[in-house]
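Let me begin by presenting the structure, written as structure tokens, before commenting on it.
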Amino acid sequence: KKTPGMGNRTYSIQIFIKRVIITLTALVAVSSAAVILLIYLPLKTELQQSLIDNFDRLSYISYASLQNSIDRGIEGARSMSSRTVIRNAILEYENGEIDMAELIAYTQPKYQDGAKALEHLIRAERFVDDTIIAEYLSADYKDHFCTTEDRLAENSEISSALCLTDEHTFFAMLSPILSEGRVIGYDKLVFDLSDQIQTLSTDTIKLEIIYQDEFE
């Protein structure tokens, strides 16, 4: 015979155990949700924002450094074109005081000395009446430069253009030589920024120059 009330007590214990399990499960779920909402997600968001901010700072530093190299190149081109001594030799040629051969002989050594001082410059040429009167080639120069003639305009302002290949990034400029506002010649300068870009790249950030249409 069954003991009276034993079945009821067993049933009550089972209900109690189920309630305890449900309560513990609810507490674990609520605690987990609280940890996720109050601790994990804010920390994750903060970490993501920190990574983005760090990437932004490193990218801006790289951009500013590269832009500074380009600006120095432009200033160097402007300085080359405004050097009074070799610019005046062109005026002497125009006035018939010296001939083309004398202009070339006078200009070449002075032009080459000035070009050597410009960082990242690999080639420079000075034109007068479509004739090259001075030229500079760096020791690192190789005949792998792609053409930019169609994007360099002959006027009274410096014209510049990027020329990109698979392995190199070139920055070319056409700088006018002015005398009392009149263009008497041009300097064409080509800078190789490939090493500069490679130096600015890191293990996690790759720096690359792209054309405007590709950027858009």
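1000 is the number that the working numbering gives to position 184 of the sequence shown; each next residue is one higher, with no gaps. Cβ atoms here follow ideal geometry from the backbone N, Cα and C, with glycine treated the same way. Note that this is a predicted model, so its numbers are computed, not measured.
Reference residue i; option with closest CA among the options
i	options	result
L874	S954, A977, L1023	L1023
I1026	F1007, D1011, T1015, L978	L978
L934	S954, T947, T964, D946	S954
E910	K860, D945, S866	D945
E983	Q1014, I920, E1032	Q1014
M916	G930, R899, F943, S898	F943
D956	K932, T826, R967, S898	K932
T963	L980, T900, L907	L980
Rounded straight-line distance, which links the Cα of residue j to that of residue i
i	j	result
D1019	V999	47 Å
H936	K958	14 Å
D872	N884	18 Å
V836	I829	10 Å
F1007	V851	56 Å
Y927	D869	45 Å
I938	A969	21 Å
I886	S975	13 Å
A842	E1032	52 Å
Q865	I855	15 Å
Inter-residue CB distance, residue i and residue j (contact presumed, cutoff 8 Å)
i	j	result
D1003	A893	6 Å
G889	F986	With a Cβ gap of about 11 Å, G889 and F986 do not count as contacting.
M989	L1005	5 Å
Where residue i falls, given that 16 or more other Cβ within 10 Å makes a residue buried
i	result
P925	exposed
Q1012	buried
G912	exposed
Nonlocal neighbours in the same chain, by C-beta distance under 8 Å from residue i, ignoring five residues either side
i	result
S972	P992, L994, G997, V999
K817	Here the model assigns K817 a pLDDT of 48, short of 50, so the residue's position is not dependable, and the following value carries that caveat. Excluding residues within five positions, none has a Cβ falling inside 8 Å.
Y922	I902, A905, I914
Neighbourhood of residue i by C-beta, 7 Å cutoff - its chain only, sequence neighbours within 5 removed
i	result
L1016	S878, S881, L882, L1023
Close beta carbons around residue i, own chain, < 6 Å, minus the five adjacent residues each side
i	result
I948	E941
I920	I949
CB contact check: residue i to chain D, cutoff 8 Å
i	result
I949	Absent here is chain D; the protein component of the structure consists of one chain.
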